[in-house]
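Trainee: Following this message is one structure expressed as structure tokens.
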Amino acid sequence: MSEIIQEMTKEEFRSVLDDYFAPTEQRRQMTDQEVKDLADRLNQRIDVPLLKEMGERKVLIKMVLKIDHFLYNYLPNEIYDLVRSIDHGISDSEAKHLITRISKLANKEINLVYLPEAAEYIVIRFVISVIMNAARRDWDFNFAKDRSDRELEDILSC
Numbered sequence: 810m811s812e813i814i815q816e817m818t819k820e821e822f823r824s825v826l827d828d829y830f831a832p833t834e835q836r837r838q839m840t841d842q843e844v845k846d847l848a849d850r851l852n853q854r855i856d857v858p859l860l861k862e863m864g865e866r867k868v869l870i871k872m873v874l875k876i877d878h879f880l881y882n883y884l885p886n887e888i889y890d891l892v893r894s895i896d897h898g899i900s901d902s903e904a905k906h907l908i909t910r911i912s913k914l915a916n917k918e919i920n921l922v923y924l925p926e927a928a929e930y931i932v933i934r935f936v937i938s939v940i941m942n943a944a945r946r947d948w949d950f951n952f953a954k955d956r957s958d959r960e961l962e963d964i965l966s967c
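The sequence shown lines up with residues 810 to 967 when you count with our numbering.
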């Protein structure tokens with residue numbers, strides 16, 4: 810292991826540092842379209858009290874961004890980047906384990922005070938499920954997103 814670190818070029822090491830010390834506005838992995846897609850899927854099932862539809866959509870986008878930011882901070886980018894790789898990825902059992910573990914941690918760390926606790930957990934679990942499923946071998950974000958309706962139904966039935 811130490812040989813691998815020693816063999817890193819200066820640029821490779823600098824890239825690791827740049828990822829680790831990225832400014833807040835860069836601490837995300839999801840694309841704008843991915844954020845909107847997940848917010849729209851949530852908007853079909855979650856009601857944000859006191860808001861009209863456009864305000865609700867904006868709040869849901871902010872929730873997805875908050876979860877993306879959380880994952881950037883708590884997962885090594887090398888794992889989070891597996892969302893962009895079909896060839897490499899985590900196993901089904903690893904995905905299930907990470908979904909459960911990260912969702913519980915995220916629910917402790919992220920407070921969406923304008924939602925009831927149960928709805929907060931559903932939002933967090935759903936977003937993390939889609940992202941971790943996208944990191945599975947032979948999956949990608951679009952495949953995970955397309956399966957997300959079933960995923961959300963499973964979460965709601967718990």
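Glycine included, each C-beta is placed from N, C-alpha and C at the ideal position. Given the structure is predicted, the values throughout are model-derived calculations rather than measurements.
Where DSSP assigns a beta bridge to Arg945, which residues make up the other side?
Mentor: Counting from 1 along the sequence shown, the entry for residue 945 is found at position 136. Bridge partners of Arg945: Ile899.
Trainee: What does a CB cutoff of less than 6 Å around Arg823 pick up in its chain, not counting 5 residues either side in sequence?
Mentor: Locating residue 823 in the sequence shown gives position 14, where the first residue counts as 1. Nothing listed; no residue qualifies.
Trainee: Quick check on the DSSP output: the alpha helix (DSSP H) that includes Tyr829 runs from which residue to which?
Mentor: Counting from one through the sequence shown, the residue named residue 829 turns up at place 20. Per DSSP, Tyr829 belongs to the alpha helix (DSSP H) from 819–829.
Trainee: Is DSSP giving Lys861 helix, strand or coil here?
Mentor: Mapped onto the sequence shown, residue 861 falls at position 52. Reduced to three states, the DSSP call for Lys861 is coil.
Trainee: What is the residue span of the alpha helix (DSSP H) that Asp955 lies within?
Mentor: Numbered from 1 along the sequence shown, position 146 holds the residue referred to as residue 955. 950–955 is the span of the alpha helix (DSSP H), which, as asked, contains Asp955.
Trainee: Along the chain, where does the alpha helix (DSSP H) containing Met889 start, and where does it finish?
Mentor: Indexing the sequence shown from 1 puts residue 889 at position 80. According to the sequence displayed, residue 889 carries Tyr and not Met. That run of the alpha helix (DSSP H) goes 886–889.
Trainee: Three-state secondary structure (DSSP) at Met872?
Mentor: Within the sequence shown, residue 872 is the residue found at index 63, counting from 1. Met872: helix per DSSP, three-state reduction.
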